[in-house]
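Colleague:
Residue numbers (my numbering), protein chains in the order written: chain D, 107 to 519; chain V, 107 to 519.
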C-alpha cells in the first residue's frame with residue numbers, strides 16, 4: 107500500500123502583520139478576493155521543503171493563504187538522488203542547456219511521477235504543482251474534479267526542444283499555468299489560462315526583517331569585516347552565470363579609487379552541488395592574497411539573518427549576473443535601502459530602475475564605474491536606496507504575490 | 107621561494123565592551139596582566155580560519171589581545187586534503203580511536219609541517235600552536251628565541267599509543283602546553299609548564315549576543331516551529347557520540363506527557379564530513395513521520411543567529427552526549443537562561459551543576475524524566491536557567507579565558 111506524501115510544516119502568519127508595510131488598498135483587495143475562496147482546499151506540491159526559491163516562497167505564502175481562510179496544504183514528493191539527477195538535468199535543459207534526453211531518463215521521470223500520483227490521497231479543489239519535477243502528476247492521475255495549475259518558476263524562454271517536447275503533453279493537461287515573466291512563456295504552451303506572477307520577498311522573514319543596526323555591525327564585525335570602511339556585497343549562489351570573477355575584477359578597479367574598499371561574496375552551497383564547491387574554490391583562488399576580499403558561506407555559520415545584515419550594511423549591492431532567472435536578491439537588497447549595481451539579465455531590469463535605484467550594467471568596467479559613482483556620492487546612494495525600497499514595497503512584497511495568486515484561482519472557478 | 111603563511115582577518119573588539127557583563131575585578135586583573143605584555147609579538151598558528159571551536163575562540167580572543175596592547179596575529183598553515191585526512195585520523199586517534207600509523211602518514215605529516223615551518227617568516231616573542239595539525243613546526247624550525255606554546259583543545263586522556271609516541275618528541279620541544287581540563291593531560295607529557303584553561307563563549311558574538319524576543323520568535327516561526335508550544339533543542343554536530351537517536355527517544359517519552367512538545371535538532375554539516383551527512387539522514391529517517399520533530403542545518407539558512415534564537419526560545423536545552431570534548435554548547439545555552447539536561451561526559455559537569463542549573467543524566471529514561479520535570483515546573487526551569495547564566499557569567503565568558511592566557515604568557519617570561 108502506498109504511503110502518503112510528506113506534508114511540510116510551516117509557521118503561522120497573518121495578513122494584518124503586513125498592514126504597516128503595504129498599502130491598505132492592497133490589503134482590502136486581498137480580503138475581498140479571499141471571500142470567494144474561503145474553505146477552498148488548496149494544495150501546493152513541490153519537490154523539496156528547503157533549499158531554493160520555491161520553498162522560500164511557500165514558507166511565506168502558505169501561512170497567509172491559511173490566514174485568509176483557505177485550507178492550504180503543502181506536500182513534497184517522495185524521490186531520491188536518481189530522480190533528482192534527472193530532474194536537475196531537465197531543469198537546466200528547460201533553461202536552454204544542451205542535453206540529450208534518453209529513454210532511461212524518461213522512464214525514471216515517469217516512474218517516480220506515477221508513484222507520487224498514486225500517493226496523493228486527499229481531495230483538493232485546486233492543486234498548484236511547482237516546477238518540472240512533479241509536473242506529470244495530474245496527467246498520470248487523470249481528471250478528478252480538481253483544478254490543476256502548473257507554477258513554473260524557471261526561465262523556459264528557450265527550452266531544450268527534446269525535454270520540452272517530452273513534458274509538453276503533461277503541461278497541456280493543466281487548467282492553468284503561471285510563469286514569472288512574459289518572456290519565460292514557451293511560445294507553444296497550449297494552455298488557455300496563463301498568468302504572469304512575479305515572485306516576491308517576505309519582509310517579515312529572517313532574511314528581510316528589520317534588524318537593529320548595532321546587531322548588524324556586530325554580526326559583520328565578528329567575521330572579520332571592518333564595519334567602518336566601505337563594503338560592497340554580492341549575495342548569490344556560486345555559479346558561473348553570476349560572474350563571480352567579474353565581481354572581483356570590478357571591485358579591484360573600484361579599490362584603486364577607494365583603497366579602503368572591502369568586498370564580500372556571500373553564498374550558500376548545497377551538499378549535492380559539487381559544481382558550487384568548484385566555483386567556490388575558484389573564487390578563493392582568484393582573491394587569495396587580498397585580505398579585503400571575503401568569501402562567506404553557510405559553512406561558517408552565515409545564515410539568513412547574516413545575509414540580511416550584509417545587505418543592510420553594504421554601501422552598494424552588486425549582482426553582476428550574466429544570465430538570471432528572476433534575481434530576487436535584487437529586491438531583497440533594495441528593500442534594505444541599499445542601491446544596486448546589477449547585470450541587465452532576466453528579471454533584474456523590472457526590479458531595478460536604471461539611474462533611479464541603482465544601475466544596470468553590461469560589463470566589468472561599467473560595473474566598477476557605477477560602484478565608484480555610488481561610493482563617491484553617498485547622498486545619491488542613499489536616495490537611490492530609498493527609491494529602490496519604495497519600488498519593492500509597492501511591487502515585490504509577499505502580499506502582492508498573494509493577491510495575484512488569489513485572483514488567478516478565482517479566475518479558474 | 108616559499109610564500110608566507112596566510113594571515114586571518116578578525117574583527118575589532120574592546121575589553122571595555124564586556125564591562126557590563128563581567129566583574130570589575132576581572133577587568134582590572136586583565137589590565138594589570140596586560141601591562142607586562144604590551145608590545146609582545148604573539149602569533150596564533152592553527153589549521154583553519156573557520157569551522158570548529160578553535161577558529162571560533164580565536165575570532166574573539168585575538169581582537170581582545172590586540173585591544174590590550176599585544177601585537178597579536180593569527181595565521182593558518184598551508185595544507186590540502188591529503189594532509190587533513192592524515193591529521194583528522196590523528197585527531198580521532200588522540201581521542202582514543204583505533205588507528206594504525208603508517209610510514210606514509212608520518213611522512214605526509216612531516217612534509218607539510220616542514221614546509222609550513224619554512225614559510226613562517228616573521229619573528230614573534232611567543233607562538234601559540236593550536237591542536238595537532240601544526241604541532242611539529244617548532245621542533246622542525248629549531249630554537250629561535252620565541253617561546254612556543256602548544257594549545258591542545260582535544261581530549262587526549264587516553265591517546266592512541268602509536269600516534270602519541272610519534273607526536274610526543276615534537277611536543278617535548280615546547281616551552282609550555284595548555285590543556286582544557288586536567289583529565290585531558292597525557293600522563294607522560296614531559297613539558298614543565300602545563301596550564302589548564304577551559305574554553306569560553308563570547309557573549310558579544312552573533313551566536314550569543316542578546317536578541318530581542320520578537321526577533322527570535324520570528325526566526326523560529328519562519329521555519330515551521332510553533333513558538334507558542336513547548337520546545338526542546340539539541341544543538342550539536344551530527345555525530346554518534348551526541349546520541350541523536352537517544353534524544354529523539356527521550357523526546358518521545360516526554361511527548362506522552364506533553365503532547366504539544368516539539369523537538370529541534372540543530373546542527374552544522376561540513377562538505378568534507380560525509381559521516382555527518384550519514385548521521386543526518388539516519389536522524390531524518392528516525393523521526394520521519396513526526397511533524398513536531400525537526401532537524402535543521404546550515405543548508406537551510408540556519409546560521410549562528412538562528413542557533414542563538416533556538417537556545418533562547420527553548421524551554422529546555424538538551425545535550426545527550428555519551429562522550430564529549432568540553433561541550434561548550436552547554437555554556438552557550440545556559441547563558442541564554444535556558445536550563446540544560448545533559449550527559450555526564452567530558453567538560454559538561456564543570457559547566458552544568460546537577461540539580462542547580464539543570465540535570466546531568468546517564469541514559470534516555472533519566473533524560474526524559476528530567477525534561478518532563480522542567481516542562482512541568484516552569485518556575486524551577488526559570489530559576490535553574492538564571493543560575494546557569496550566572497555560573498557561565500562568572501566562569502565561562504571570554505574575558506576569563508583572556509585573563510588565564512595572559513597569566514600563562516607572563517609565567518613563561
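Where a beta carbon is used, it is the ideal one built from N, C-alpha and C, also for glycine.
For residue 125(V), count neighbouring Cβ atoms within 10 angstroms of its own Cβ and tell me buried if that reaches 16, exposed if not.
Modeller: exposed
Colleague: Using a C-beta cutoff of 9 Å, does residue 340(D) count as contacting chain V?
Modeller: no
Colleague: Residue 155(V) and residue 112(V) - do their beta-carbons sit closer together than 9 Å?
Modeller: yes
Colleague: Residues in the same chain with beta-carbon distance under 6 Å from residue 107(V), minus the five sequence neighbours each way, listed in chain order, please.
Modeller: Here the model assigns residue 107(V) a pLDDT of 38, short of 50, so the residue's position is not dependable and the matter cannot be decided.
Colleague: Please return the same chain residues whose Cβ sits closer than 8 Å to the Cβ of residue 397(V), not counting the five positions on each side in sequence.
Modeller: none
Colleague: If we ignore side chains and look at the alpha-carbon of each, how far apart do residue 485(V) and residue 492(V) end up?
Modeller: 11 Å
Colleague: For residue 362(V), report the span of its beta strand (DSSP E) as first-last.
Modeller: DSSP places residue 362(V) in no beta strand (DSSP E) but in the uninterrupted alpha helix (DSSP H) bounded by 350–363.
Colleague: Check residue 467(D) in the structure and name its three-state DSSP category.
Modeller: strand
Colleague: Determine, using beta-carbon pairs with one atom in the segment 400–407 of chain V and one in the segment 401–408 of chain D, whether at least three such pairs fall under 8 Å.
Modeller: Here the segment 400–407 of chain V lies against the segment 401–408 of chain D, with 3 or more beta-carbon pairs under 8 Å apart.
Colleague: Evaluate residue 382(D) with the Cβ neighbour count: other Cβ atoms within 10 Å of its Cβ, from every protein chain shown; 16 or more gives buried, anything less gives exposed.
Modeller: buried
Colleague: For residue 455(V), which residues of its own chain have a beta-carbon under 7 Å away from its beta-carbon, when the five flanking residues on both sides are left out?
Modeller: 466
Colleague: Where do the ends of the alpha helix (DSSP H) carrying residue 53(V) lie?
Modeller: For chain V, the structure presents residues 107 to 519; residue 53(V) sits outside this window and is missing.
Colleague: Please tell me whether residue 468(D) and residue 450(D) are closer than 9 Å, where the distance is taken between their beta carbons.
Modeller: yes
Colleague: Would residue 300(V) count as contacting chain D if we go by Cβ distances under 9 Å?
Modeller: no
Colleague: Out of 384(V), 330(V) and 395(V), state which residue places its alpha-carbon closest to the alpha-carbon of residue 354(V).
Modeller: 395(V)
Colleague: Would you please state the rounded distance, in angstroms, between the beta carbons of residue 241(D) and residue 256(D)? I believe it to be under 8 Å.
Modeller: Rounded, the Cβ-Cβ distance is 6 Å, consistent with contact.
Colleague: Which residues mark the beginning and the end of the beta strand (DSSP E) in which residue 182(V) is found?
Modeller: 177–182
Colleague: Taking only beta carbons into account, state which residues of the segment 303–329 of chain V come closer than 9 Å to chain D, listed in chain order.
Modeller: 308, 310, 311, 312, 313, 315, 316, 317, 318, 321, 324, 325, 326, 327, 328 and 329
Colleague: Got a sec? Which residues, its chain only, sit under 7 Å from residue 207(V) by beta carbon, not counting five neighbours each side?
Modeller: 268, 269 and 272
Colleague: In angstroms with no decimal places, state the Cα-to-Cα distance between residue 266(D) and residue 389(V).
Modeller: 39 Å
Colleague: So what does DSSP say about residue 399(V), is it helix, strand or coil?
Modeller: strand
Colleague: Among residues of its own chain, excluding the 5 on either side of residue 412(V), which ones have a beta-carbon nearer than 7 Å to its beta-carbon?
Modeller: Short of 7 Å from the beta carbon of residue 412(V), and not among the five residues preceding or following it, lie these beta carbons of its own chain, in chain order: 325.
Colleague: Output the distance between the C-alpha atoms of residue 223(D) and residue 151(D), rounded to the nearest integer angstrom.
Modeller: 11 Å
Colleague: Restricting to runs no shorter than 3 residues, where is the beta strand (DSSP E) found entirely within the segment 134–184 of chain D?
Modeller: 147–152 and 177–182
Colleague: Between residue 202(D) and residue 429(D), what straight-line distance do the alpha-carbon atoms span, to the nearest angstrom?
Modeller: Residue 202(D) and residue 429(D) have their C-alpha atoms spaced approximately 11 Å apart.
Colleague: Contact check, residue 418(D) vs residue 317(D) under 8 Å by CB: the rounded distance?
Modeller: The pair is a contact, with the Cβ atoms about 7 Å apart (cut-off 8 Å).
Colleague: Going along the chain, which residues of its own chain have a beta-carbon closer than 6 Å to the beta-carbon of residue 284(V), five neighbours each way excluded?
Modeller: 257, 301 and 303
Colleague: Are there 16 or more other CB atoms within 10 angstroms of the CB of residue 427(V), so buried, or fewer, so exposed?
Modeller: buried
Colleague: Rounded to the nearest angstrom, what separates residue 117(D) and residue 143(D) at their Cα positions?
Modeller: Approximately 21 Å, taken between the alpha carbons.
Colleague: Closer than 6 Å by C-beta to residue 309(D): which residues in its own chain qualify, once you throw out the five before and the five after it? Chain order, please.
Modeller: Within the same chain, and ignoring the five residues on either side of residue 309(D) in sequence, the residues whose Cβ sits closer than 6 Å to its Cβ are 127 and 503.
Colleague: If you draw a straight line from the alpha carbon of residue 313(V) to that of residue 436(V), how long is it in whole angstroms?
Modeller: 13 Å
Colleague: If you draw a straight line from the C-alpha of residue 520(V) to the C-alpha of residue 363(D), how long is it?
Modeller: The structure shown does not extend to residue 520(V), since chain V is modelled only from 107 to 519, so the question has no answer here.
Colleague: For residue 239(D), which residues of its own chain have a beta-carbon under 6 Å away from its beta-carbon, when the five flanking residues on both sides are left out?
Modeller: 153 and 193
Colleague: Any idea what DSSP makes of residue 232(D), helix, strand or coil?
Modeller: strand
Colleague: Using DSSP bridges, identify the partner residues of residue 423(D).
Modeller: BP columns for residue 423(D) point to 339(D) and 446(D).
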